[in-house]
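S.K.:
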Amino acid sequence: MDENQNPTLVEPTEPGTGSGGGGAATATAPTPPPPPPPTPPPTYPVRPQLRRSRTDRVAAGVCGGIARQYGIDAVLLRILVVVATLFTGGVFLIAYVLAWVFIPDDPPLVALVAPGQPVPPAGYASGGTGSYVDPATGQVYGAVSPVTYAPARRTEPRSYLGLLTVSASVVIGALLALVDGLGAHISGLAIFASMLAVLGIGLVVGAWRGRARWLIAPALVLLLLVQGTAAVHSVVGSAAGAGDRRWTPTVSSTSYELGAGSARLDLRSLPAGSSTVHVQLGLGELIVLLPRDTNLTLHAKVGAGEVKVPGQQPEDGVGLQVVDRDVPAQEIPAARNVTVDTQVGLGTVEVRYASS
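Be aware that the sequence shown starts at 135, since it is given in my numbering, and climbs by one per residue.
#1: Tell me where the beta strand (DSSP E) around G340 begins and ends.
#2: Round the Cβ separation of I237 and V209 to the nearest angstrom and send it over; I've been treating them as touching at under 8 Å.
#3: State the beta-bridge partners of V100 as determined by DSSP.
#4: In terms of DSSP beta bridges, what is E391 paired with?
#5: Do you know offhand how far D314's Cα is from L323's?
#6: To the nearest whole angstrom, what separates the beta carbons of L357 and L337, a pair I think is in contact under 8 Å?
#7: Using the rule of at least 16 other Cβ atoms within 10 Å of the residue's Cβ for burial, across every protein chain shown, is G407 buried or exposed?
#8: What did DSSP end up calling Q477 once you bin it into helix, strand or coil?
#9: Under DSSP, the alpha helix (DSSP H) around R188 begins and ends at which residues?
#10: So the candidates are G437, I228, L417, V461; which of them puts its Cα closest to the Cα of Q447?
#11: Leaving aside the five residues before and after A353 along the sequence, list all residues of the same chain whose C-beta is less than 8 Å from its C-beta, in chain order.
#12: Which of helix, strand or coil does DSSP assign to V472?
#13: Determine contact between the segment 376 to 393 and the segment 403 to 421, defined as no fewer than three beta-carbon pairs at a distance below 8 Å.
#14: Measuring CB atoms only, is the segment 394 to 403 touching the segment 433 to 441, in the sense that at least three cross pairs come out at less than 8 Å?
#15: Mind checking V411: buried by the 16 CB within 10 Å criterion, or exposed?
#16: Buried or exposed: which applies to V231, given that a residue is buried once 16 or more other Cβ atoms fall within 10 Å of its Cβ?
#17: To which residues of the same chain is S303 closer than 7 Å at the C-beta, ignoring the five residues directly before and after it?
#18: Roughly how many angstroms separate the alpha carbons of D239 and T219, rounded to a whole number?
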């Protein structure tokens with residue numbers, strides 16, 4: 135062995151592991167896979183803060199903001215606000231003012247344009263500012279300045295909700311009128327109110343599903359009919375009926391009622407002496423036929439309309455109260471003294487001399 139050669143260091147091996155020992159090699163255990171990452175907690179969409187709308191407003195954007203927040207129709211919400219304000223005598227308007235004060239306004243809708251962006255041809259510039267909004271992508275091109283733009287208008291498929299609602303309202307009204315004609319005594323107020331309720335349901339459904347804003351027009355018409363019919367019922371009740379009437383009292387004290395129509399009160403058959411006749415008319419015309427040998431004292435209360443008495447100036451207006459209007463007999467001595475006490479919701483009271 136040469137002294138200049140460096141010795142080779144050989145690591146000791148376990149018995150049976152060397153290549154020259156003739157033993158079998160020991161297998162190495164596989165490395166276990168890393169544990170899976172922890173499951174992240176579920177995330178829920180956060181509802182944006184309620185704000186007054188800048189793009190959908192009539193007064194302060196309160197209805198537009200609430201409609202956007204809860205996914206309803208802003209036009210329907212405005213109609214409900216107006217109706218609620220009218221039915222509460224203006225008290226509901228205070229709630230609107232409070233919402234105006236406490237609900238914050240939307241931030242201004244702007245898009246900051248970075249420098250160096252290509253500008254489309256001048257023919258497509260918006261407002262002559264050199265800015266352009268791609269209607270397909272919403273991308274804004276133009277000079278380095280804030281550019282305000284509105285989002286693309288959403289298009290919706292055609293809706294048949296309005297037609298179905300009106301059809302259902304007409305069917306309900308026809309069925310109730312048929313039942314009334316068969317003797318069930320369903321008032322006109324109940325019929326109109328039922329039809330209005332169907333239209334109201336259609337408007338509420340249309341706030342989330344379908345489009346039926348035009349239902350507001352027939353709903354307002356029915357609302358006027360309901361209010362007018364309710365005013366008639368408050369004066370004469372629901373059992374007074376409708377049509378033309380001719381009343382000829384023959385006793386010294388009697389009463390008559392009519393819901394709507396034209397009535398003639400003939401006083402020529404009353405007995406001699408003093409008599410009193412009470413008449414209630416909701417909507418229409420009352421004509422009092424006065425004999426020439428009769429003194430008449432008229433007490434008339436008219437919600438809206440006109441009062442005509444022979445030889446005197448007619449009176450018309452709202453909230454008329456004609457008290458102790460005397461019409462003396464044209465033949466002396468007078469055969470009878472009659473007091474007519476009448477209440478009319480909407481219409482005319484007229485006194486005429488009866489032909490002999």
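Even glycine gets a Cβ: it sits at the ideal position worked out from N, Cα and C.
Treat the numbers as computed from the prediction; the structure is a model and nothing was measured.
M.R.: According to the data block:
#1: Counting along the chain, G340 falls outside any beta strand (DSSP E), though it belongs to the alpha helix (DSSP H) covering 322 to 340.
#2: Not a contact, Cβ separation roughly 19 Å.
#3: Nothing about residue 100 can be read from this structure; the chain reaches only from 135 to 490.
#4: Q414
#5: 12 Å
#6: Rounded, the Cβ-Cβ distance is 12 Å, inconsistent with contact.
#7: exposed
#8: strand
#9: Segment: none, R188 is in no alpha helix (DSSP H) and carries neither H nor E.
#10: V461
#11: L330, L333, G334, L337
#12: strand
#13: yes
#14: no
#15: buried
#16: exposed
#17: M329, V332, L333
#18: 23 Å
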